[in-house]
Structures are given as C-alpha cells and as structure tokens.
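Colleague: Okay, so the sequence shown: first residue is 1 according to the UniProt record's numbering, each after it adds one.
Before we start, here is the structure in question, set down as structure tokens.
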Amino acid sequence: MACSYKIDANHRSDSHVRTDNNFTLVEEDSSSDDYEDRVNYKDVIRKGNSELESSISDPRDEATPDNWIKRNSTMVRLTANHPFNSEAPLPRLMHHGFITPIPLHYVRNHGPVPKASWNDWTIEITGLVKRPAQLTMYNLINSFKSKEFPVTLVCAGNRRKEQNMEKKTKGFNWGAAGVSTSVWRGVPLRDVLKSCGILSRKKKAFYVCFEGAEDLPGEHGGGGSKYGTSIKRDIAMDASRDIIIAYMQNGENLSPDHGFPVRMIIPGFIGGRMVKWLKRIIVTTEESKNYYHYKDNRVLPSQVDAKLADEKGGGKKVTRVEVTMDGGETWYVCTLDHPEKCSKYGKYWCWCFWSVEVEVLDMIRAKEIAVRAWDETLNTQPEKLIWNVMGMMNNCWFRVRTKECELQGEIGILFEHPTQPGEQSGGWMEEKHLEKSSNSTPSMNTSSKTFSMSEVKKHNSADSAWIIVHGHIYDCTRFLKDHPGGTVSILNKAGTNCTKAFDAIHSDNAKEMLEKYRIGELITIGYTSDSTTSSPNNSIHGT
Numbered sequence: 001m002a003c004s005y006k007i008d009a010n011h012r013s014d015s016h017v018r019t020d021n022n023f024t025l026v027e028e029d030s031s032s033d034d035y036e037d038r039v040n041y042k043d044v045i046r047k048g049n050s051e052l053e054s055s056i057s058d059p060r061d062e063a064t065p066d067n068w069i070k071r072n073s074t075m076v077r078l079t080a081n082h083p084f085n086s087e088a089p090l091p092r093l094m095h096h097g098f099i100t101p102i103p104l105h106y107v108r109n110h111g112p113v114p115k116a117s118w119n120d121w122t123i124e125i126t127g128l129v130k131r132p133a134q135l136t137m138y139n140l141i142n143s144f145k146s147k148e149f150p151v152t153l154v155c156a157g158n159r160r161k162e163q164n165m166e167k168k169t170k171g172f173n174w175g176a177a178g179v180s181t182s183v184w185r186g187v188p189l190r191d192v193l194k195s196c197g198i199l200s201r202k203k204k205a206f207y208v209c210f211e212g213a214e215d216l217p218g219e220h221g222g223g224g225s226k227y228g229t230s231i232k233r234d235i236a237m238d239a240s241r242d243i244i245i246a247y248m249q250n251g252e253n254l255s256p257d258h259g260f261p262v263r264m265i266i267p268g269f270i271g272g273r274m275v276k277w278l279k280r281i282i283v284t285t286e287e288s289k290n291y292y293h294y295k296d297n298r299v300l301p302s303q304v305d306a307k308l309a310d311e312k313g314g315g316k317k318v319t320r321v322e323v324t325m326d327g328g329e330t331w332y333v334c335t336l337d338h339p340e341k342c343s344k345y346g347k348y349w350c351w352c353f354w355s356v357e358v359e360v361l362d363m364i365r366a367k368e369i370a371v372r373a374w375d376e377t378l379n380t381q382p383e384k385l386i387w388n389v390m391g392m393m394n395n396c397w398f399r400v401r402t403k404e405c406e407l408q409g410e411i412g413i414l415f416e417h418p419t420q421p422g423e424q425s426g427g428w429m430e431e432k433h434l435e436k437s438s439n440s441t442p443s444m445n446t447s448s449k450t451f452s453m454s455e456v457k458k459h460n461s462a463d464s465a466w467i468i469v470h471g472h473i474y475d476c477t478r479f480l481k482d483h484p485g486g487t488v489s490i491l492n493k494a495g496t497n498c499t500k501a502f503d504a505i506h507s508d509n510a511k512e513m514l515e516k517y518r519i520g521e522l523i524t525i526g527y528t529s530d531s532t533t534s535s536p537n538n539s540i541h542g543t
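In structure tokens form, the structure reads like this:
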C-alpha cells in the first residue's frame, strides 16, 4: 500500500485541534457519538482477524495494474482477473457474523485501484459554497470531530446471478455475498459542508456531488473519466443520516480496495453511491451528470417509489423475519438478534440475524425453505424475482431447495442455494435464457478466414489483441481503450480462448458489440477438444 503515514488502531481524532486553514470547528453533538460508549467491537474484530489467513500477492493480479495489492485468496472473483470484483464464500461470511473482516468484505471496482499517499492526498470542496477548500488528510481529521459506528454495505447487484438465470442482464454474476458490515470512522459530511458555507436551497444549492480519483474509460472510452455520483442537499445536511467522509475501517486505515485514504459512507444507500478514493465534493444545482451516476445503479425496489424513498429514508429496523416451508401457506416467526444499537435518531444501519426452531419431520418433508423480512414501516420482500435490464435490487424471498440424502446409513438433508457466484456452477435455478447451440454463431458476420491456435497465440499484445469466443476469432485491438475495465481486461486474455470468462461476465448487448470485431474462425488440427471420441479432426470449431 502506497502509504507514508499510519494511524494507530487506537487513534482518536476528535480532539479540538485548529489548523492554519481557518476552518470553523463544529462543536455540536454528533448523532452517533454514543455508539463508542455503548458498544465495543474491538474484541470481535480482533477475533475475526485472528481466524484469517494472510493476504497475498495473488498470481492472478500479476499482469494487472493491481499487482501491488495483497488480497485474500479465497475471495470469489466475479470479473475474471481485472478489474477486481469479488465476494466472500458465503459460509465464511456467515461464520464471522456481525462484523466482516476487511479482507472478506465484498469489493466493487470499475478499474485499476489508484495508488495514493496519505501525506499528499487532498479533497477539494467547491461549487455553491462560500468558502471553497482544499482539505488534506491532516485537516480533515484534526479540524472536525470524528465518529465511528457500524454500517452494512450492499452492492445494488447483489444476487444478480438469479436474474441472469431468468434472462441475461447487463451485469456480471453477483451471488448472495455482495453484502458486508464494518465499523467505519470518519468526519460528518454535514460538518464539512457547513464549515465551507454551503449555500441555501434558495440559492439553488440542490445537490452534493462526489468524484473519485480513478482513470476510467467512461461513456466514449479513451480514459480520463472519474467515478462520480450525487445525493440531494437535504440528505447531505440531515444529521440523522450519519453520512461521513470515512478514513478508517474496523480500526485500521482504509485498504486500497476500499478507498484508501478516504471515501464516502452513506448509510442506507447502495454501495454505488459511496465514492472511494474521494477527490472532489461539488455542491451543484443539478444532480451529477457523471456517466456512472446516470447509466448505473438507478433502480428502486418494486414496492418503493421515488417519493416514498425520499420521505421515509433509510435506517428502518428489521422487526420481523418469517420462514415458510410450504410455499407461503404458513409461516414461522423467527427470533431476531440485533447486535447493533440504534443511533441518536433511532436509525439502524446494519443487518440482523435470525433463528427459528422447526420439527425435524417438517424439515424432511419440505421441498423448499423460503425466508422474508419486514421493517418497522411494514416494507417486505416480494415473493418473486422482478427482472430488470441492469440486474439491480434483487430482494425477493430467498429460497433454498432441500433434498433427502443418506449419510453413513442415516437420513440427511441436502440444502441447495439458487445459484453459486461468478463462474461457479451449481444451484437449483435453470438458465432459461440459454440459446440453442445452433444460434451461438451470429449471422451478421460471415467471415470465412480461418486461423490456427498457434497463430492466435501470437496476437497477445496491445499492438494486436485477438481472442477466441465460441470458436470465433475477434481482433479487439481497436476496442482496448474503450473497454470499461481498461485495456488490461482484454490483454489478460489476448491470444487465448476466453469463452467461459466472456460468457460469465458479458450481457447479450456486449456479445452483439463483439461481432463487429470478428475476423475469422478457429481451425484445429489433431483431436477435438470437446469430443468424447478420439477420432482425428481437421475442422472449424464454431460451438
């Protein structure tokens, strides 16, 4: 990690120290100050860390810009080697309970992780404010009072693979572990904006925009785009929302994958609103025009409209969890465990845990177990999956199928989840969107050129990048600068057959886009790689 300054795990940065930047120190009480007095998570964090293997320099990162980052090798990678998008194996996530160890916290990156120096980092506050500012990390920590509390983060694409089984969306295959909980420490956004003299709504200050440091392709490719998003001014200035500019996670500096040195934490919002590697905060009249704000992460649950979301807000306590073993005819009410204490304003920002006792015979007879939750405003989860093109906000009942099996002469029960994350096979859902193999050869490009595997292998650089997908050969050199994951996403696979990885990640729209880069077909001489027979072959593969 490119860090030249280290905060001790026990460092407290709420001492009232003034700096030479003339910031107005905010003395008022913070909504979550009492968290630290009532709940001590240090022992839980320490125990969880002691059970982890050391993070490593993963061989899968060697050929990527992220080769300087150490990661937990058990994380399930969802977008091949780069960019790094991953979730923990679900049993490991469950084992650690309320607080997720940092190496097992899910990661959503859109490109390479920026290398950052604590001492050199600045955050610009600009736009519709009276006193624009350039905050160093020292300014941020010593000019404002910090607070620390647990927050559950969830990716809007969590459980997307279930949607992809119904019909392919535009997103990759998140399983059910795109959700994690950490203890975050940071400075209230509200305090920073007040110190900079944020203008009123009468002066058309309606939105607060956030921008990161990444160099991303953006809408038209070519690089130079930053990840950005926005929230309404009223939300940003609402003390009950507990929005912080965070610099610590579970008592440590942020790790590179989670935004070192500083990021946004906006409780109750999807992870896509919590900009990592934060560089700019801009107060504006209009919401963010950033490509990633407008084109991604813009779906509400089916039962929640925009008006309800604005009025009710987040932070509602889960008050009831029910389990059914007969398709919803009858329900068992579960016992709930809320390790989190509510904030000063009565908000809950974390997951809770449930348990229920059932008769063994009922469990054996059940073909399926489903669970749903309710919050204090009686919002609940829909019974069935509601597909959308982005594959977002899948929060339908979670269903586990059961099968009777024999274990050492005794009756056992096999529990099967709907899907397994990423490229992993398994799960009870059937892929309804799979096309017949005869349709896998697009008709829009009828190129008749053929190339051997040895010829394809030569085209493995930025000067000439070829890939094989379903026996077709594509020259992706022209697309390198436009790829959303950066050039390395293609170069890692250049000169190889990447059919499996391509299908697991890409939407039907991406497959159509690929077609204009097709230059020919793969010809293999010798034995077929996909045949159960051992007959010689000299043929074109187009499966």
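Think of the CB as a built atom: it goes at the ideal place given N, C-alpha and C, for glycine as much as any other residue.
Please read these numbers as outputs of a predicted model, since none were measured by experiment.
(1) Please classify residue 188: does DSSP put it in a helix, a strand, or coil?
(2) Taking just the CA atoms, how far does residue 412 sit from residue 214?
(3) With a Cβ-Cβ cutoff of 8 Å, do residue 236 and residue 201 count as a contact?
(4) By a C-beta neighbour count over all protein chains shown, 10 Å radius and 16 as the cutoff for buried, is residue 408 buried or exposed?
(5) Just to check my reading of the structure: residue 318 and residue 336 have Cβ atoms closer than 8 Å, yes? What is that Cβ distance to the nearest angstrom?
(6) Quick one, which of 84, 53, 52 and 78 has its alpha-carbon nearest residue 67's?
(7) Please classify residue 100 as buried or exposed, where buried requires at least 16 other C-beta atoms within 10 Å of its C-beta.
(8) Quick check on residue 370: does DSSP put it in helix, strand or coil?
(9) Would you call residue 168 buried or exposed, if buried means 16 or more other Cβ atoms sit within 10 Å of its Cβ?
(10) Leaving out five residues on either side along the sequence, give the residues of the same chain with a beta carbon under 6 Å from the beta carbon of residue 80.
(11) Quick test of your reading: residue 402 and residue 414, contact by CB under 8 Å. State the CB separation rounded to the nearest angstrom.
(12) Going by beta-carbon coordinates alone, are residue 284 and residue 196 separated by less than 8 Å?
(13) Check residue 74 in the structure and name its three-state DSSP category.
(14) Give the straight-line distance between the Cα atoms of residue 183 and residue 323, rounded to the nearest whole angstrom.
(15) Is there contact here, the region 270-280 with the region 227-244, by at least three beta-carbon pairs under 8 Å?
(16) Based on the DSSP secondary-structure assignment, which residues constitute the bridge partners of residue 264?
(17) Is the separation between the beta-carbon of residue 458 and that of residue 486 shorter than 8 Å?
(18) Tell me which residues share the same chain as residue 420 and place their Cβ nearer than 6 Å to its Cβ, disregarding the 5 neighbours each side in the sequence.
(19) Have a look at residue 178 and residue 282 and give me their C-alpha separation to the nearest angstrom.
(20) On the criterion of 16 or more Cβ atoms from any shown chain inside 10 Å, does residue 95 qualify as buried, or is it exposed?
(21) So, are the CB atoms of residue 452 and residue 523 less than 8 Å apart?
(22) I need the straight-line Cα distance from residue 90 to residue 75, nearest angstrom please.
(23) The alpha helix (DSSP H) that contains residue 403, what's its start and end?
(24) Compare the C-alpha of residue 511 against each of 480, 481 and 469 and name the closest.
(25) Could you check if residue 146 is buried or exposed, using at least 16 other CB atoms within 10 Å of its CB as the buried criterion?
(26) Using DSSP's beta-bridge definition, name the partner residues of residue 216.
(27) From the DSSP output, in three-state form, read off residue 509 for me.
(28) Does residue 119 pass the burial test, meaning 16 or more other C-beta atoms within 10 Å, or should it be called exposed?
(29) Using the Cα positions of residue 46 and residue 519, report the straight-line distance between them to the nearest angstrom.
(30) In whole angstroms, what separates the C-alpha of residue 42 from that of residue 51?
(31) What do you reckon, are the CB atoms on residue 131 and residue 271 nearer than 8 Å?
(32) Pull up the DSSP beta-bridge partners for residue 154, would you.
(33) Please identify the residue among 363, 160, 398 and 353 whose C-alpha is closest to the C-alpha of residue 423.
(34) Have a look at 143, 216, 133 and 267 and flag the residue whose alpha-carbon is nearest the alpha-carbon of residue 154.
(35) From the DSSP output, in three-state form, read off residue 294 for me.
Modeller: Based on what the coordinates show:
(1) Annotated three-state conformation of residue 188 is strand, per DSSP.
(2) Separation of residue 214 and residue 412 (C-alpha to C-alpha, rounded to the nearest whole angstrom) is 50 Å.
(3) For residue 236 and residue 201, no; Cβs fall outside 8 Å.
(4) Within 10 angstroms of the beta-carbon of residue 408 lie fewer than 16 other beta-carbons, which makes it exposed.
(5) With a Cβ gap of about 7 Å, residue 318 and residue 336 count as contacting.
(6) The shortest Cα separation from residue 67 among 84, 53, 52 and 78 belongs to 84.
(7) It counts as buried.
(8) Correct three-state label for residue 370: strand.
(9) Residue burial annotation: residue 168 is buried, with at least 16 other C-beta atoms found within 10 angstroms of its C-beta.
(10) Excluding residues within five positions, the ones whose Cβ falls inside 6 Å are 501.
(11) Between residue 402 and residue 414 the beta-carbon gap is near 7 Å, inside 8 Å, which marks them as a contact.
(12) Taking C-beta atoms as the reference points, residue 284 and residue 196 fail to come closer than 8 Å.
(13) Per DSSP, reduced to three states, the secondary structure at residue 74 is coil, with no helix or strand assignment.
(14) Whole-angstrom Cα-Cα distance: 29 Å.
(15) Below 8 Å, enough C-beta pairs join the region 270-280 and the region 227-244 to call them touching: three or more.
(16) 245, per the DSSP bridge assignment.
(17) Not a contact, by the Cβ cut-off of 8 Å.
(18) Contacts found: 426 and 427.
(19) In this structure, the straight-line span from the alpha carbon of residue 178 to that of residue 282 is close to 29 Å.
(20) Exposed.
(21) Cβ atoms of residue 452 and residue 523: closer than 8 Å.
(22) Residue 90 and residue 75: Cα-Cα distance of roughly 10 Å.
(23) Element bounds for residue 403: not the alpha helix (DSSP H) but the beta strand (DSSP E), 398-407.
(24) Looking at the Cα atoms, 469 is the closest of the given residues.
(25) Classification of residue 146: buried, given that the 10 Å Cβ count is 16 or more.
(26) In DSSP, residue 216 forms a bridge with 225.
(27) In this structure, residue 509 counts as helix in the three-state DSSP scheme.
(28) The Cβ neighbour count for residue 119, taken over all protein chains shown within 10 Å, is under 16; the residue is labelled exposed.
(29) So the alpha carbons of these two residues sit roughly 55 Å apart.
(30) A straight-line Cα-Cα distance of about 15 Å links residue 42 and residue 51.
(31) No; because the gap between Cβ atoms is not below 8 Å, this pair is not in contact.
(32) Answer is 179.
(33) Ranked by Cα distance from residue 423, the first of 363, 160, 398 and 353 is 160.
(34) Nearest of 143, 216, 133 and 267 to residue 154, Cα basis: 267.
(35) In the three-state scheme derived from DSSP, where H, G and I count as helix and E and B as strand, residue 294 is classed as helix.
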